[in-house]
Every structure is written in structure tokens, then in C-alpha cells.
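Counted the way our numbering counts, the sequence shown spans residues 52 to 147.
Step one of this worksheet: look at the structure below.
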Amino acid sequence: LGGTPENLEAMLMRVAGGYVPSVVAMNMIDVKSIMEPVVLPDMGIWHPCAPQIFDSPQDYNEWYEKVHLPLVGVAKDAPSVGVVLQKSHIATKDDG
52 LGGTPENLEA MLMRVAGGYV PSVVAMNMID VKSIMEPVVL PDMGIWHPCA PQIFDSPQDY
112 NEWYEKVHLP LVGVAKDAPS VGVVLQKSHI ATKDDG
């Protein structure tokens with residue numbers, strides 16, 4: 052699991068909804084509706100506009116060429132740049 056803001060929020064909501072007596076007594080949190088943790092892979096290809104982290108260059112290139120490039124109006128032969136990031140930068144959304 053990654054320490055994403057969403058995962059941390061869900062964890063705190065589960066703890067409060069299950070163990071804080073005043074919250075439990077007033078049924079303030081529907082624990083069943085809290086999102087499941089999102090597991091971030093240890094390695095992958097990430098793009099800030101993509102819906103997921105890609106497991107392979109082939110999966111990434113397919114999304115990039117068929118979805119992203121047409122959406123933003125960029126030619127297929129336009130130059131691109133890759134940047135190596137640590138998982139923690141993506142998990143904490145420290146990408147900008």
C-alpha cells in the first residue's frame with residue numbers, strides 16, 4: 052500500500068468509525084462506504100493524466116498514443132521527456 056492522502060484518510064475514517072466511542076454511538080461514519088486501500092506498484096510507468104500506473108511500456112504506449120495524444124492534440128512524432136521519480140513522490144502527490 053502507498054501512503055497516499057486518500058489511503059491515509061480512509062484509514063483514519065475506519066479507525067474513527069470503528070473505535071471512537073462517540074463516533075460509533077452516533078453512527079457518524081458508514082464504515083462500509085469507505086474506499087478500499089489503493090495499492091501502488093513498486094515499479095511502473097506513471098503519467099499525471101493517466102487513470103492508472105502502467106505495468107509495462109507496451110500498456111503505457113498504447114494509452115499514450117491512442118488516448119492521450121489525440122485528447123491533447125499532440126502529434127505522435129512529437130518529442131517526449133521521461134523523468135525518474137521515487138514512489139513516495141507519486142504517493143504523496145508531490146509531482147508538481
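Using N, Cα and C, we set each Cβ at its ideal position, and we do this for glycine too.
Asked	Found
For residue 74 and residue 67, what's the separation of their Cα atoms in angstroms?	7 Å
Report, in whole angstroms, the separation of the C-beta atoms of residue 82 and residue 65, which I expect to be a contact under 8 Å.	6 Å
Under the rule that 16 or more other beta-carbon atoms within 10 Å means buried, what is residue 111, buried or exposed?	buried
Which residue comes first and which comes last in the alpha helix (DSSP H) that contains residue 112?	108-114
Only counting the same chain, and skipping five residues up and downstream in sequence, which positions put a Cβ closer than 8 Å to that of residue 57?	86, 89
Closer than 6 Å by C-beta to residue 61: which residues in its own chain qualify, once you throw out the five before and the five after it? Chain order, please.	85, 86
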